[in-house]
Structures are given as structure tokens and as C-alpha cells.
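**Student:** Take a look at the following structure, please.
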Amino acid sequence: MTASHFKPFLTALVPLALIFANPAFAEDDSPADAGKLRSFEPSYFTQYAPRTALDMLGRIPGFQLKSGNTERGLGQGGANVLINGQQITGKGNDAFSQVGRINAGNVVRIDIVDGASLDIPGLSGQIANIISKTTGVSGTWEWKPEWRTDLKANTLRGTIAVSGETGDLSYSAELENDSSRRGHWGPETQTNGQGELLRTLQEKADASGDNPGATINLTWKPAEDRVGHLNLEYNQFNFNRKLVSKIEPGTDTDFTGENLFSFAEDEWNAKIDGDYEFPLMDGKLKLIGYYRTERSPTYARFKHFALNGDLESHTEYHQIADEGEAIGRAEYSWSPSDGRDWQVATEGAYNVLSIGATFFDFFDGTEDYSASLVEEYRSETTLTHTRQLSPKWDLQLSAGGEYSQISQGPKSREFIRPKGFVSATYKPKDDFSIRGKIERDVGQLNFFDFISSVSLEDNLDTAGNSDLIPSQSWAGVLEFDRQFKDGHSISTTFYGSLISDLVDRIPLRDETGAIIGDAVGNIDNAHRYGVDINSTIKGDAFGLKGVELEAELNLRNSSVEDPLGGFDRRLNGDLKSYWNLNFRHDIPDTDWAYGIFADQFRDAPVYRLTTRNQFTFDGPFVFAFVEHKDIMGLKIRATLMNLLDASDDFERIIYDDSRDVGNIELVESHSREFDLFFRLNVSGTF
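This is the structure in C-alpha cells:
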């Protein structure tokens, strides 16, 4: 292992030293409820004038809201937020959406608790428990228009939510349109393997999307020990993208004119999920159901025009993808004594992807249709035990297994995989926590990787691979969290995983070993490790009242043997580094605030059979805002984005054969600017 492999850990030594040192900044010890780390009353958030509980979570030092599981199934854990002690049913960004519909005026307090102390398997780290009480009917709304250079103004982005209560039933509903208008432009140079400029393409890309949707959440609590939830959601996604490339010849004068690429998607999706928890024998039983369906027609078109305007090439690729997921889950929990909790859970899921696609070449009359169906039946059972070993130690153990059957056409395969984890928290002081977790994890496959596809924009074919198997990994996390007086905080998390059957890009071979295509497949072994540091500094302790500085640094390394070249490289497209700084000043005794934000990321390149792609965001990306919290009852923020003129940079190296034996045929390199743009946020309550 080279010295560079140790850089993430050497970088973490400074904040780690701060965690253990600086006793003068530590809060005084005080009695605390089991598992409770901190508690925030509404008065703490007054200076920020929050509109929703989501706004409030964003102002808690050292806490970051994490979304729930985005893979197939529900599984254990989920988002790191509870509402009145109840886990949020759903997946992905459901937690963000539901918390965003809670009016800040209905929040009684927010407790930050330790996940290992809860009788909720899979939750670890800091968990936010939002204690809220609905009184009457109330609502929030926000309008978020945006103006960009050479693009139509995005004035349709916004949301409105209402919540209330009647008898044993509380409800919330939301209408939202998450629209976007984006674009970038700039030259692309194309050179040969000797570095000679073949041509320059002056390119301009525009993309617009509208994502209107409606959501209803119902909570029924007929008794203190019985509660049910029902969530309904419907969304549309209408997206259009266009790329115009005007060709300026260099040494190659044979290829001139103009390229026009367009892509459109007209998706709709619907979701219903719910749960009901009630006492049973000496414990409680929770029944959960989830169903989601999606239909996504997409249309891609590529045309090449000669200098005189004649159409010389015209291809199209039409695809209709239908996706579905149905899940049933049951969790039975009981507590034989204080500090001892057990849960047995079982889950069954069905996932399906059906695709019909047609490739058209209007010049040679080709019309090629293909269809494929991928299905999976999956079940899992787990047994979890949570135990408080002492006032300072909490332990959670889980063991179980997963069975899945994946079929595509006549081919069907079955898998049985063990899974489980051990999670522990040590709290030597109320302001200091050490958390560790070791987990045996089973990855989930992307059904689209089973099916062949065509990219007209990049002129690439991706072969389907029906032999894909789920990856497995041993993952470990070690987190040090320290809270200081006056609101300062710092958290350092070390993480790593040993991966078997990594899902990455591979050359697809036939029975003789000959390469027949480029596909997503499995690589025997890989590993990944890194460190993530988060900190918050409050200015009050230094005489800077109302000042807050948040910072994050994530450094990661990974390694896998390239299946084509045999050399060690990072995982395709894996994160290499990310940092951000967020400064905010709420001016005392006024309704004004201002701030500035900056961030930057670096990703590893992506290797395919005949290409090597590297995307670089030439930043950092910086924006500054000014905010007034009460203009006729409205909160208004004006933000100027991209202050340092960041750009989207990309390089693709194309070989005339597979990378291991071929020579460089073409190098495409572009830098696309998107200029300053302006965003306005206007929000209110009713």
C-alpha cells in the first residue's frame, strides 16, 4: 500500500485530535434520557425563521438528514429521522418529503438520539426524532423561480402543502412541481492519437424538465398503542434535451456540417404504501405494504446535416420501460425487560422490468425491435437484538438471510445470501459518542443492466448481461462524534468495505473467450475506504453573534483489477474527494441574513471496452445569498449562483480496438460553461 493510500486517514488525525482534546470547550455533564444526545426547542430556531421541520433539521449542528433505502425492498434501517417516535414508511427521498410537509409551528421539539439505543433495527448514528402536534389546519408554500443565460425563465418551480387533524386522523397533502431549465455551451476538440486537431465542434446543450406531483399522507391513531399510516403519491416527469454541434474542420475536412441530438422522456409513476402497528401478545406487530409502478417512454434522435443543409444521417432509438415493485413486510417486536429489545422480521418482494425498444436507421431502412422482461422474487428474514449493556454502552446485533430468484426469458437463477450486522455505541460523556458497525451486505442489481441498449449521443452500444449476480461486501464504519459548548460540533467517520462480485463494466465474452461486447458484469474482488469529516463552528463564542460556519471533507480511495488491462484502478466513477464550506450570518436584532456556499468534487474515470471517460467539474461551485425573514409575512431569499464561473469538463479517449490491444483513435475533450444564474426563494405560511 503506497503512502498516498494513507492520506485520508492522515488528514483525519487533526479533527480526531480535536474530538479527544479541548476539554475546555466540552459541555458540562448532565443527566440525559437513555439514548438522547441533544434536544432542540423551537426557540433555538427562531433566528432562522424556518417554515418547515425540514428547515429546522438543516440548522442542527452536526446533523445531516440521510434518505432511506433506494434499492429494491424495504429492509432494515431507513432514513435517520423519526416523527413522534415512528419510523417513516417508504423509500428514497420519502423522508425529506414528509418532514418538509410538517409546519415549523407544529414542532414541539427535536431530539437527537443514538440509533443503537432504539428498538429499530438497522438505524445507527444520530437520529432526529421530531415531536410534533397538529393544531387545526395549517400550511406552507414556496415559490422557487430561476433565471439562466439564454434559457427560458423557470417560473413554475414550487410547492404548497397543507396539514391538519380531525379526531384520530391527521393528514397532510402537497402539490409540487420540481421543474428545471438548464444548459451549457462551449467547444469540443477532437484529436487523433498523435495529437493532431481533426475538428472542433461548437456545442450548445439545453435541457428542460417538469416534474409535477401530488402526495397525501394519512396517520390514524385510534389508541395510544395503535397507529397506522397511508401514503399516496403520483408524479409526472416530462423531460427534453437538445445538443447542437457545429463542426469546424481541422486536418480532417471530410466531416463537416452540423449534428443535432435530441432526447425526450414522458414518464409517470404512482406509489401507495402504508403500515399498521398494534399490540400482540407480549409485543407489537407492524404490518407494512408498498407498491410502486412507473412507465417511461423515451425517444432519442440523431441527425447529421451537411454544410449545404442536406440531411446525411438520421437514426432514432425509441424505448418504453415499465417498472413495478410490490413489497410486504411484517415486524414483530418485544421487550422482555428494560434495555432488552428483540425483533423478528420477514419480507417478500416482487420486482419487474419490461422493456420494448426499436432502433431506426432512416437512410438504410433498418428497423430493429427487441423486447425483454426481467423479474425477481425476493424474501428475507432477520432476527435483531438491541441491548443496553450499561449507561454508556449500547449494542445491536442482527442476523438473517436473503433468498432471490431472478429470471429473464427462459433463464432463471436462485441465490441464498447471509446478511447481518453488529452495531455498538460507546458514550464516555454526554457530549462524546463513538459508534462502530460491521455489516454483511448483499447488493441489489439494476435490471436495466440485463438488457442491451444504444446511446445515439455517444455512438455506443451496451450489451445486456443475463449472468449478473448481486455483489456482497463486508462493510465497516467507525464514527467519532463530539459536541462542544456554544453549539460547536465535529464528527469524523472512517469507513471501508471488502467487496466480492463487484458490479462494474467488463468485456462480454462468448464460449470461446472472444470479446463480443461491452457490458455491466461482475469482477471478483475490490475494496473501498475513506474518511468523512463534518464540523460546525458557532461564532457566538468568539463575539461573532449569529455567525455559523459548516464544513465537510470526504476523502475516498478504492481499488479493483481492471478486467481488460489487468492493472489496479479505482472503481468506475467512484468518488475521490468532496468538500464544502457553508457560511451564514444572521444579523442580530434584524430580520436580515446573508451567506456564501462553496463545494467541489472529484470522481474517478470510467473505463469501458474501447473508451476511457473522465468528467471533471471545474469549480469550485460557489453561490452567495441575502435573505429577509419577514417582508409582509414572507421569507425571501435572493441567490446568485456560480460566482467563480465553474464549467462542466469532459474527456473521452476512444481506441480503435479493445483498450488492451488497440491504439488511440480519437480524443474528445470539451469544456462547457453555464455562466452566472439567479435564484429566488419566496416562502410563507397559512
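Heads up, the sequence shown is in our numbering, so the first residue is 1031 and it goes up one at a time. Every residue gets a Cβ at the ideal spot worked out from N, C-alpha and C, and that includes glycine. Keep in mind the model is a prediction, meaning the values are calculated, not measured.
1) Terminal residues of the continuous alpha helix (DSSP H) containing residue 1086?
2) Less than 8 Å between the C-beta atoms of residue 1485 and residue 1451, yes or no?
3) Given that a residue counts as buried once 16 or more other Cβ atoms are within 10 Å of its Cβ, and exposed if not, what is residue 1316?
4) Give, in chain order, every unbroken run of the alpha helix (DSSP H) that is at least 4 residues long and sits entirely within the stretch 1506-1581.
5) CA-CA distance, residue 1553 and residue 1476?
6) Considering only residues of the stretch 1143-1193, which uninterrupted beta strand (DSSP E) runs meet the minimum length of 3 residues and lie entirely inside it, listed in chain order?
7) Roughly how many angstroms lie between the CA atoms of residue 1176 and residue 1324, to the nearest whole one?
8) Pull up the DSSP beta-bridge partners for residue 1671, would you.
9) Does the Cβ-Cβ distance between residue 1200 and residue 1170 come in under 8 Å?
10) Figure out for me which residue from 1349, 1372, 1159 has the closest Cα to the Cα of residue 1400.
11) Rounded to the nearest angstrom, what separates residue 1251 and residue 1518 at their Cα positions?
12) So what does DSSP say about residue 1739, is it helix, strand or coil?
13) Buried or exposed for residue 1106, going by 16 or more other Cβ atoms inside 10 Å?
14) With DSSP collapsed to three states, give me the class of residue 1286.
15) Report back the beta-carbon spacing between residue 1231 and residue 1287 to the nearest angstrom; my notes put them in contact at under 8 Å.
16) So what does residue 1597 bridge to, in DSSP terms?
17) Quick one: Cα of residue 1438 to Cα of residue 1382, how far?
18) For the alpha helix (DSSP H) holding residue 1077, just list the boundary residues, first then last.
19) To the nearest angstrom, how far is the alpha carbon of residue 1681 from that of residue 1641?
20) Taking the CB atoms as reference points, tell me whether residue 1257 and residue 1418 lie closer together than 8 Å.
21) Could you name the residues of the same chain whose beta carbon sits closer than 6 Å to that of residue 1705, not counting the 5 residues immediately before and after it, in chain order?
22) Looking at the structure shown, is residue 1474 part of a helix, part of a strand, or coil, going by DSSP?
23) Roughly how many angstroms separate the alpha carbons of residue 1333 and residue 1270, rounded to a whole number?
24) Which two residues bound the contiguous beta strand (DSSP E) that contains residue 1220?
25) Looking at the strands, I want to know which residues DSSP matches up with residue 1314.
26) Quick check on this structure: which residue in 1327, 1412, 1109 has the alpha carbon closest to the alpha carbon of residue 1385?
27) Tell me whether residue 1254 is buried or exposed, calling it buried when 16 or more other Cβ atoms sit within 10 Å of its Cβ.
28) In this structure, does DSSP put residue 1128 in helix, strand or coil?
29) Under 8 Å, do residue 1159 and residue 1112 count as touching if we go by C-beta distance?
30) Reducing DSSP to helix, strand and coil, say where residue 1114 ends up.
31) For residue 1015, which three-state DSSP category applies?
32) Of all the options 1707, 1686, 1149, which has the alpha carbon lying nearest to the alpha carbon of residue 1025?
33) Where does residue 1661 land, buried or exposed, given buried means 16+ other C-beta within 10 angstroms?
34) Sort out for me which residues DSSP pairs residue 1398 with in a bridge.
35) On a Cα-Cα basis, can you pick out the residue from 1320, 1370, 1074 that is closest to residue 1356?
36) Within 8 Å, do at least three Cβ pairs link the stretch 1538-1547 to the stretch 1518-1530?
**Tutor:** To lay it out plainly:
1) For the purposes of this step, residue 1086 is identified with residue 56 of the sequence shown, where counting begins at 1. Residues 1083-1087.
2) For the purposes of this step, residue 1485 is taken as residue 455 along the sequence shown, with counting starting at 1. For the purposes of this step, residue 1451 is taken as residue 421 along the sequence shown, with counting starting at 1. Not a contact, by the Cβ cut-off of 8 Å.
3) By one-based count along the sequence shown, residue 1316 stands at place 286. Residue 1316 comes out buried.
4) none
5) Here residue 1553 is taken as the residue at index 523 of the sequence shown, counted from 1. Here residue 1476 is taken as the residue at index 446 of the sequence shown, counted from 1. In a straight line, the C-alpha of residue 1553 is about 16 Å away from that of residue 1476.
6) 1156-1162, 1168-1173, 1176-1178
7) Residue numbering aside, residue 1176 sits at position 146 when the sequence shown is read from its first letter. Residue numbering aside, residue 1324 sits at position 294 when the sequence shown is read from its first letter. Using only the alpha carbons, I get a separation of about 29 Å.
8) One-based indexing of the sequence shown puts residue 1671 at position 641. Looking at the DSSP assignment, residue 1671 forms a beta bridge with 1653, 1707.
9) Taking the sequence shown and counting its residues from 1, the one referred to as residue 1200 is at position 170. Taking the sequence shown and counting its residues from 1, the one referred to as residue 1170 is at position 140. Result no, Cβ atoms of residue 1200 and residue 1170 do not sit closer than 8 Å.
10) Your numbering for residue 1400 matches position 370 in the sequence shown. Selected option, being the one with the closest Cα: 1349.
11) Reading the sequence shown from its first residue, position 221 is the one you call residue 1251. Reading the sequence shown from its first residue, position 488 is the one you call residue 1518. One C-alpha to the other measures close to 38 Å.
12) Here the chain covers residues 1031 to 1716 and nothing more, so residue 1739 does not appear.
13) Residue mapping note: residue 1106 aligns to position 76 of the sequence shown, counting from 1. With 16 or more Cβ atoms within 10 Å of its Cβ, residue 1106 is classed as buried.
14) For the purposes of this step, residue 1286 is identified with residue 256 of the sequence shown, where counting begins at 1. Residue state, collapsed to three classes: coil.
15) Translated into positions along the sequence shown, residue 1231 becomes position 201. Translated into positions along the sequence shown, residue 1287 becomes position 257. That belief does not hold up - the Cβ atoms of residue 1231 and residue 1287 are roughly 11 Å apart, past 8 Å.
16) To locate residue 1597, count along the sequence shown from 1; it is residue 567. Note: residue 1597 sits in no beta bridge, so no partner.
17) Counted from its first residue, the sequence shown places residue 1438 at position 408. Counted from its first residue, the sequence shown places residue 1382 at position 352. Straight-line Cα distance between these residues: approximately 10 Å.
18) Along the sequence shown, one-based indexing puts residue 1077 at 47. Per DSSP, residue 1077 belongs to no alpha helix (DSSP H) and is neither H nor E.
19) Position 651 of the sequence shown, counted from the start, is the residue given in the question as residue 1681. Position 611 of the sequence shown, counted from the start, is the residue given in the question as residue 1641. The alpha-carbon atoms of residue 1681 and residue 1641 are separated by roughly 10 Å.
20) Here residue 1257 refers to the residue found at position 227 when the sequence shown is read from its first residue. Here residue 1418 refers to the residue found at position 388 when the sequence shown is read from its first residue. For residue 1257 and residue 1418, no; Cβs fall outside 8 Å.
21) The count along the sequence shown starts at 1 and reaches residue 1705 at position 675. Same-chain partners within the cutoff: 1179.
22) In the sequence shown, residue 1474 corresponds to position 444, counting from 1. Reduced to three states, the DSSP call for residue 1474 is coil.
23) Here residue 1333 corresponds to residue number 303 of the sequence shown, with the count starting at 1. Here residue 1270 corresponds to residue number 240 of the sequence shown, with the count starting at 1. For residue 1333 and residue 1270, the distance between alpha carbons rounds to 16 Å.
24) For this step, residue 1220 is matched to residue 190 along the sequence shown. 1210-1221 is the span of the beta strand (DSSP E), which, as asked, contains residue 1220.
25) Translated into the one-based positions of the sequence shown, residue 1314 becomes position 284. 1309, 1363.
26) Looking up residue 1385 in the sequence shown gives position 355. Minimum Cα distance to residue 1385 is reached at 1327.
27) Looking up residue 1254 in the sequence shown gives position 224. Exposed, since its Cβ has fewer than 16 Cβ neighbours within 10 Å.
28) If you number the sequence shown from 1, residue 1128 lands on position 98. If DSSP states are grouped into helix, strand and coil, residue 1128 belongs with the helices.
29) As a working note, residue 1159 is residue 129 in the sequence shown. As a working note, residue 1112 is residue 82 in the sequence shown. Against a cut-off of 8 Å, the Cβ pair of residue 1112 and residue 1159 comes out as a contact.
30) Taking the sequence shown and counting its residues from 1, one reaches residue 1114 at position 84. If DSSP states are grouped into helix, strand and coil, residue 1114 belongs with coil.
31) Nothing in the structure corresponds to residue 1015, since the chain is present only between 1031 and 1716.
32) What is shown of the chain runs 1031 to 1716, which leaves residue 1025 out entirely.
33) Here the question's residue 1661 lines up with position 631 in the sequence shown. Exposed, since its Cβ has fewer than 16 Cβ neighbours within 10 Å.
34) Residue numbering aside, residue 1398 sits at position 368 when the sequence shown is read from its first letter. Residue 1398 pairs with 1389.
35) Walking along the sequence shown from the start, residue 1356 turns up at place 326. Of 1320, 1370, 1074, the residue nearest in Cα terms is 1320.
36) no
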